Amino acid sequence: MKFKADEIASVLTEEIKQFRGQIETSEVGRVLEVGDGIARVYGLQSAMAGEMVEFENGVQGLVFNLEENSVGVILLGDFKEIKEGDEVKTLGKLLSVPVGDAMLGRVVDPLGNPLDGKGPIVTSDSRPVETISPGIAGRQPVKQPLQTGIKAVDSMTPIGRGQRELIIGDRKTGKTSVALDTILAQKGGDVICVYVGCGQRAANVAAVVEALAEHGALDYTIVICATASDPAPLQYIAPYAGAAMAEHFMYQGKHTLVVYDDLTKQAQAYRELSLLMRRPPGREAYPGDVFYCHSRLLERSVKLSDELGGGSMTALPIIETLEGEVSAYIPTNVISITDGQIYLEPDLFFAGVRPAINVGISVSRVGGNAQTKAMKKVAGSLRLDLAAFRELEAFAQLGTELDKATQQQLDRGYRMVELLKQPQFRPLHFADQVISIYAGTHGSFDLVPIKEVAAIEIELLQFIREQKSEVRDAIIETGALADELLESLNAALAEFVKTLKGRFTEG
Amino acid sequence: MADLKDARVKSVLDDPSTLAVSRVYAMAFLNAAGDDGAEAVEEFDSFIDVLDAREDFRSIFLSGIMSRDEQLGVIERVVAPRGSEKFSNFLRVLAEHDRLSLLPAILVLVKLELEKRSGKQRVEVISATVLDEATLERVRKQISDAFDFEPIIEPSTDPGLIGGLVIRVGNKVYDGSLRSRVNQLAKRLQKGSLHEIQSGRDRFSTD
C-alpha cells in the first residue's frame, strides 16, 4: 500500500481548513487592593471557592473568600509586582502539585517547584492539594507497626501505620529529632517519607536535609519547605501539599509517613490570612475554622481498606507549646484530633534524658494493637514499672532507710531510664530494642555502673548480633517471643552477663 | 458613547459597593418608568447634560455642601416645574437618602440596563491594529450569531496582542490573540524540552 500525494493533498487541505486555533476563554476581574499575601478582586462573578486564578504577571492565586461585591484571593507568589487594577482571570482548576517517583529525594516548595538545584522535576502526574479523606468503608483499623527506632516510643507509645501521633513540646526539646529519627528508621523498609517544614527557620530545614542525605534517607524522602520567610499562603498550604504527595503513594498501596513540622506555625499563617481577609477572629484571634483546618488535614492520614490497596499514611504532626502550656487553643485542638501524643519536656531534656519523652503523659490510643508480640511482651509492664520507680525515687530523696528489695528496684529503675536514652540518628531495629529492654527489665545490667549502661548496651547488641545471631533472627522472623526462644535468649544473656562479671566486680 | 465606556470598572477608583448601591437605584428608576424607559432615560440624560454644562451648580448640588432641605428646595424650584413627575420624585428620593452624588453613576447603569432589556449588550473588541468598518461588521455579525443578544461593538487597540482578536463580553474574555497563542506555544515547547533533557539524562544513569 502506498500513499498518493495528490490524493492525500486534498484531504490535508480540508483538514487545515477545518483546523481552528483554540480560543482561550476565561472570566476576568480586576485587582482592587493588594496586601501581605492577599488581594481583593472585583468581578470574577462565577469564581468558586478554592479555584485558581492568574494575575497579569503570571503569579497564581487561590480564591479564598467570596464576598458580595468582591473576591478575596491568596497569592501563591510574589505579591509585590501586583498592582491595583491588574487583570485577573480564573483558570477553572484547583491547586494541584506534581506527584510521583520523580519527587523522591527532592526538596521542593509547597507548589512542587524544586529548591535544591538538582534540575527540573519531570513528572506528568499531579494531584489536587485539597482532597476529601476516605470514608468509613475505605478504612481499616490500624494494626501494622511503624517502627520509629526509638526505644521509648516503640515500647511505650507504639505507632501504627495510618495513625496520627502528635509530637508536642516546648521549643528546643527535640521534637524534630524524634520525627527525623523515625524517618531514618525507615531506611531499607517499605515506607516513603514526606517531611513538611512549615514556618521553620531555613537553616533548620537545611540541617534536616543535610542529616537525611548524610544517613542515606533522602532517597525515599520528599522535603517540602515553606520557611519563615515565605509568605503566609505558602506556609498555609504546605501541609496539604505534603499530604497530597503522600496520598499519591498511599493510593498505590504503599506505606507513607508524613511529618508536619510544625502545625503551630501553619495555624499562625492561617490566622494571618484570615485576619487580612477580615474573617472574624475567635479565641487567641484564630478564626473559627482553625480546628477544621487541622482536622481535615489529619483525617487524610488513614490505613486504607484492602479493596483500596491497603496503603497507609502515618502522620506525625508537631506542635510547639509555650512554657509547657498544653491547654492553649491549638495544642488542645490537635491533641483532640490525633490518636495520642508524645510529650517532650525541657526538664528531662536538660537532665540529659534524650529523647526527652515524658512517658507518664505520652499515650498512643491505637498503637497497642500494632505492636509486635515480642515488643508487647517485654514492654507490657515497662510503663507501670517506670511510674512506680518515679514514685520510689521521690520517696528515696527524703533520705529514709530503704530495705534491700526497694533499693534493688530503685537501682534497676535508674538503669532502665539510662537504657531508654538514645543518641540522635541511631535508630534501633525492633529486635535489638526487644533484646535490650528484655535484658534491662530482667536485670542483666544490674552489675553495670549507671554511667556505663549505654556503652554496655551497645556491647550486648553487638554480642548478640555476632555470636547469637540465631536468636535475633528468630525474633525478627516470628515477631514474637515463644517459650523456646525466650529460653535461648535467657541463655545468651546469661553468657553475656558472665563476661561482665569479671570486669565490674573487680573494679 | 464615550461616557458609557467609563461605566465599566476600569480601575479601582470605582468602588464596588458604590456601584452596587447605584445599581439598585438604576433598576428602581427603570422599573418605575415602565414601558417609557427610553423616554425617561432621555430626560435623565438631558438633566445630567445641564449639570455638566454648569460645573459650579453641579459641584454644590451633587456634593454634600447643601443640606438635604436645600437640595429638596432646589429640586422643587428647578426640576419639578420643568421635568416629569416621575423624574422629580426620583430626585427627591435620592436627596432624602443622601445619594444625589451617585447620579452620574446611576445614569450610566440605567443606560446599560436599558440596552440589556432591549436585547443588546456591549462587547469590547480589542485588536492589534485599527480594524476597518467591514471587518468590524463581520465581527459584529459573528458575535450576534454566537450569542443571543445584539452586540454593540466598542473597538479598541492594543499593539501588544501582535495579531488576532480579544473579545470581552461582560466579565468573560475570549482570547484569540496571537500573544496568548505564542504564550501557549512557549509553555508547550518548554515542557517538551524538559522531557527531552530528562530522558537524555536518564539514558546515562542507571536508575
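From first to last, the protein sequence lines stand for chains A and B. Counting with my numbering, you get residues 1 to 507 for the letters of the first sequence. Counting with my numbering, you get residues 508 to 714 for the letters of the second sequence. A virtual CB, placed ideally from N, CA and C, is assigned to each residue, including glycine. These figures come from a predicted structure and were not determined experimentally.
Bounding residues of the beta strand (DSSP E) (the contiguous stretch that carries residue i)
i: G61/A; result: 60-66
i: K172/A; result: Careful: K172/A lies outside any beta strand (DSSP E) and carries neither H nor E.
i: D109/A; result: Looking at the DSSP string, D109/A is not in any beta strand (DSSP E), and its letter there is neither H nor E.
i: A315/A; result: 312-320
i: H255/A; result: 255-261
i: E546/B; result: From DSSP, E546/B is part of no beta strand (DSSP E) but of the alpha helix (DSSP H) over 544-560.
i: E33/A; result: 24-35
i: F425/A; result: Per DSSP, F425/A belongs to no beta strand (DSSP E) and is neither H nor E.
i: T664/B; result: 657-664
i: G72/A; result: 70-75
i: D682/B; result: 679-684
i: S634/B; result: 627-634
i: E15/A; result: First-last for E15/A: 5-18, but that is the alpha helix (DSSP H), not the beta strand (DSSP E).
N- and C-terminal bounds of the alpha helix (DSSP H) containing residue i
i: L392/A; result: 382-396
i: P280/A; result: Segment: none, P280/A is in no alpha helix (DSSP H) and carries neither H nor E.
i: V153/A; result: 151-156
i: A512/A; result: Coverage of chain A is limited to positions 1 through 507, which leaves residue 512/A absent and any answer about it impossible.
i: G580/B; result: 575-581
i: M250/A; result: 232-250
i: T221/A; result: Taken as a continuous stretch (DSSP letters only), T221/A belongs to no alpha helix (DSSP H), being part of the beta strand (DSSP E) at 221-227.
i: Y286/A; result: Counting along the chain, Y286/A falls outside any alpha helix (DSSP H), and DSSP gives it neither H nor E.
i: Q186/A; result: First-last for Q186/A: undefined, no H or E at that position.
i: D411/A; result: 404-420
i: D125/A; result: Unbroken run through D125/A: none, as it is neither H nor E.
i: K593/B; result: 592-603
Close-in-space but distant-in-sequence residues of the same chain around residue i (CB under 6 Å, 5 per side omitted)
i: N57/A; result: E81
i: R675/B; result: E631
i: H255/A; result: R161, D190, V191, S312
i: L500/A; result: L447
i: V516/B; result: Any reading at V516/B is ruled out, since the residue's pLDDT is 42, under 50, leaving its predicted position unreliable.
i: G507/A; result: At G507/A, the pLDDT of 45 sits below 50, so the modelled position is not reliable; the number obtained from the coordinates is stated separately. So no residue of the chain qualifies.
i: S177/A; result: Q424
i: F496/A; result: L460, F463
i: G242/A; result: V194, V196, I224, V258
i: Q697/B; result: none
Nonlocal neighbours in the same chain, by C-beta distance under 7 Å from residue i, ignoring five residues either side
i: R530/B; result: L616
i: E185/A; result: In the sequence under discussion, the amino acid at residue 185/A is Ala, which differs from the Glu named in the question. Closer than 7 Å at Cβ, skipping near neighbours: Q147, T148, G149, P427.
i: F430/A; result: Q147, D154, T372, M375
i: R365/A; result: D339, G340
i: L520/B; result: Low confidence applies here, because L520/B scores a pLDDT of 47, under 50, leaving its location unreliable; read the following figure in that light. Same-chain partners within the cutoff: there are none.
Cβ shell of residue i (< 8 Å), same chain only, five flanking positions each side left out
i: P114/A; result: R106, V107, V108, P120, I121
i: D542/B; result: none
i: L44/A; result: E27, V28, G29, V53, V63, V71, V88, T90
i: K512/B; result: Because the pLDDT at K512/B is just 45, under 50, the model does not fix this residue reliably, and the value given afterwards should be weighed accordingly. Within the same chain, K512/B has close Cβ partners E661.
i: L402/A; result: A396, L410
i: T525/B; result: L609, A612
i: S96/A; result: S126, R127, P128, V129, A244
Distance between beta carbons of residue j and residue i, contact taken as under 8 Å
i: C293/A; j: A269/A; result: Not confirmed; about 10 Å, so no contact.
i: V205/A; j: I222/A; result: 13 Å between Cβ atoms; not a contact.
i: G92/A; j: E51/A; result: 7 Å
i: I297/A; j: P239/A; result: As written in the sequence, residue 297/A is Leu, which differs from the Ile given in the question. Going by Cβ atoms, the distance from L297/A to P239/A rounds to 5 Å, so yes, they are a contact pair.
i: I582/B; j: R561/B; result: Not really, about 15 Å apart at Cβ, beyond 8 Å.
heavy atom of the ligand MN below 7 Å from residue i C-beta
i: L619/B; result: The ligand MN is not among the ligands present in this structure, which contains no ligands whatsoever.
Neighbour flag for residue i against chain D, beta carbons, 8 Å
i: K648/B; result: No chain D appears in the structure shown, which is made up of the protein chains A and B.
Does the pairing of the region 297-313 of chain A with the region 237-255 of chain A give three or more beta-carbon distances under 8 Å?
-> yes
Of all the residues that make up the region 678-703 of chain B, which are near chain A by a beta-carbon distance shorter than 7 Å?
-> N678, K679, V680, Y681, D682, G683, S687, R688, L701, H702
Using a Cβ-Cβ cut-off of less than 9 Å, give me the residues of the region 659-670 of chain B that come near chain A, in sequence order.
-> none
Residues in the region 230-243 of chain A having any Cβ partner in chain B nearer than 7 Å | none
Just by C-beta distance, which residues in the region 111-125 of chain A are closer than 8 Å to chain B?
-> G119, P120, V122
Near-chain B residues of the region 68-93 of chain A (beta-carbon distance less than 8 Å), N- to C-terminal order | Those residues of the region 68-93 of chain A placed with their C-beta closer than 8 Å to a C-beta in chain B are E68, N69, S70, E84, G85, K89, ordered along the chain.
Members of the region 136-152 of chain A near chain B, C-beta cut-off 7 Å = Flagged: no residues at all.
Are there three or more Cβ pairs, one per stretch, closer than 8 Å when the region 314-331 of chain A is compared with the region 286-305 of chain A?
-> yes
Using 8 Å as the Cβ pair cut-off and three pairs as the minimum, do the region 212-232 of chain A and the region 279-295 of chain A touch?
-> no
Give the residues from the region 44-62 of chain A that approach chain B closer than 9 Å (Cβ to any Cβ), ordered along the chain.
-> L44, Q45, S46
For the region 21-39 of chain A, which residues have a beta carbon sitting closer than 9 Å to at least one beta carbon of chain B?
-> G21, Q22, I23, E24, T25, S26, E27, V28, G29, R30, V31, L32, E33
Near-chain A residues of the region 521-551 of chain B (beta-carbon distance less than 7 Å), N- to C-terminal order = P523, S524, A527
Interfacial residues, the region 405-438 of chain A to chain B, with Cβ spacing under 8 Å | none
Residues in the region 627-639 of chain B with C-beta within 7 Å of chain A's C-beta atoms, listed in sequence order?
-> none
Report yes or no: do the region 617-625 of chain B and the region 542-558 of chain B share at least 3 C-beta pairs separated by less than 8 Å?
-> yes
Flag this pair as touching only if the region 404-419 of chain A and the region 463-474 of chain A have three or more C-beta atom pairs under 8 Å; answer yes or no.
-> no
Evaluate the contact criterion for the region 168-182 of chain A versus the region 320-328 of chain A: three or more CB pairs, one atom per stretch, below 8 Å.
-> yes
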